[in-house]
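Here the numbering used here is used: the first residue of the sequence shown is 665, the next is one more, and so on.
For each residue, glycine too, the CB sits at the ideal point set by N, CA and C.
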Amino acid sequence: MVGSGSCCRRSPTNGSAVCCAARDSVRSASAPGKRPPTRTLTEKNRIRALYRRCPPHRAVVCFDEWGPLELKPLGGRAWARQKRPQRVRATYRRLPGTEQFLAFYDVHANCLNGVFRRRKRIHEVAEAFRRLRRCYPRRRLFVVLDNLHNVHDHPRFLTLLRHLRIPPVWTPTEASWINLIEAQFGVLKRFTLAHTDDPTHASRRRRIY
Numbered sequence: 665m666v667g668s669g670s671c672c673r674r675s676p677t678n679g680s681a682v683c684c685a686a687r688d689s690v691r692s693a694s695a696p697g698k699r700p701p702t703r704t705l706t707e708k709n710r711i712r713a714l715y716r717r718c719p720p721h722r723a724v725v726c727f728d729e730w731g732p733l734e735l736k737p738l739g740g741r742a743w744a745r746q747k748r749p750q751r752v753r754a755t756y757r758r759l760p761g762t763e764q765f766l767a768f769y770d771v772h773a774n775c776l777n778g779v780f781r782r783r784k785r786i787h788e789v790a791e792a793f794r795r796l797r798r799c800y801p802r803r804r805l806f807v808v809l810d811n812l813h814n815v816h817d818h819p820r821f822l823t824l825l826r827h828l829r830i831p832p833v834w835t836p837t838e839a840s841w842i843n844l845i846e847a848q849f850g851v852l853k854r855f856t857l858a859h860t861d862d863p864t865h866a867s868r869r870r871r872i873y
């Protein structure tokens with residue numbers, strides 16, 4: 665029984681009692697992946713501080729996967745005769761498959777690099793990070809990346825980061841835009857892949873590199 669002096673009220677639809685504490689628990693349980701606002705703000709401020717100033721003998725690197733990249737005609741702009749636009753081929757069957765560009769962007773050196781792989785599993789991502797460490801053998805790295813489920817947050821991958829002495833800097837939930845490599849992907853697509861129709865993955869890799 666709900667007493668009249670409690671904080672509960674009657675539902676206007678069926679007259680049943682609705683408890684304020686129950687409503688609060690349901691509201692908090694409806695968003696299980698949300699981080700506290702204070703923690704999110706702290707993460708953003710840390711990333712922005714690394715962008716503004718690189719610590720001595722350190723390097724700030726952004727990482728993300730770009731893909732899947734398919735072999736198909738991509739739209740763009742081109743000169744054409746009036747009423748005679750350039751036609752594109754049909755690609756109903758794409759047998760060569762797709763690729764992923766595992767990319768790194770050195771913020772303060774303004775350098776973008778990466779490797780192409782068929783998939784973006786733990787094995788491929790770990791291989792890319794080993795290559796990153798070989799590029800910076802004597803410097804401490806701060807790598808900004810998102811917490812991709814079952815890959816970036818996997819215990820095997822986190823163990824590898826500790827072994828390579830790479831502390832991850834996680835982007836806040838639903839704030840991948842703060843990763844500067846996202847803007848690099850947009851520019852890369854606009855200036856290298858727009859209005860192209862590469863027949864093989866190798867030709868597209870040469871275009872991007």
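Straight across, the Cα-Cα distance linking Val725 with Leu809 is about 9 Å. When Val815, Leu776, His827 are compared, the shortest CA-CA separation from Lys784 is found for Val815.
Cys775: not part of any alpha helix (DSSP H); member of the beta strand (DSSP E) spanning 775 to 781, first to last residue.
The DSSP-derived three-state label of Val725 is strand. Here Arg829 is not near Arg722, since their CB atoms are 8 Å or more apart. Leaving aside the five residues that flank Lys708 on each side, the residues in its chain whose CB is nearer than 8 Å to its CB run, in chain order, Pro836, Ala839, Ile842. With a threshold of 16 other beta carbon atoms within 10 Å, Tyr769 meets it and is buried. Per DSSP, Phe806 is one residue of the beta strand (DSSP E) stretching across 804 to 809. Assignment of beta-bridge partners to Thr762 by DSSP yields Glu734.
Using a C-beta cut-off of 8 Å, the segment 850 to 860 makes contact with the segment 730 to 740, since at least three inter-stretch Cβ pairs fall below that distance. Within 10 angstroms of the beta-carbon of Leu822 lie fewer than 16 other beta-carbons, which makes it exposed.
Under the three-state reduction of DSSP, Ala792 is assigned to helix.
Counting along the chain, the unbroken beta strand (DSSP E) around Pro832 starts and ends at 832 to 834.
Burial of Leu766 is indicated by the presence of at least 16 other C-beta atoms within 10 angstroms of its C-beta.
No residue range can be given for Leu828, since it is assigned to no alpha helix (DSSP H) and is classified by DSSP as neither H nor E. Within the same chain, Leu766, Val779 come within 6 Å of Ala792 by CB-CB distance, once the 5 residues on both sides are set aside. Nearest in C-alpha terms to Leu844, of all of Asp728, Pro720, Pro749, is Asp728.
Under the DSSP assignment, Gly850 falls in the alpha helix (DSSP H) whose first and last residues are 845 to 852.
For Ala790, the closest of Pro760, His827, Leu776, Gly761 by C-alpha to C-alpha distance is His827. Residue nearest to Arg753 within the set Tyr873, Leu735, Thr762 is Leu735 (criterion: CA-CA distance).
Sixteen is the threshold: since fewer than 16 other Cβ atoms of the shown chains lie within 10 Å of the Cβ of Val851, the residue is exposed.
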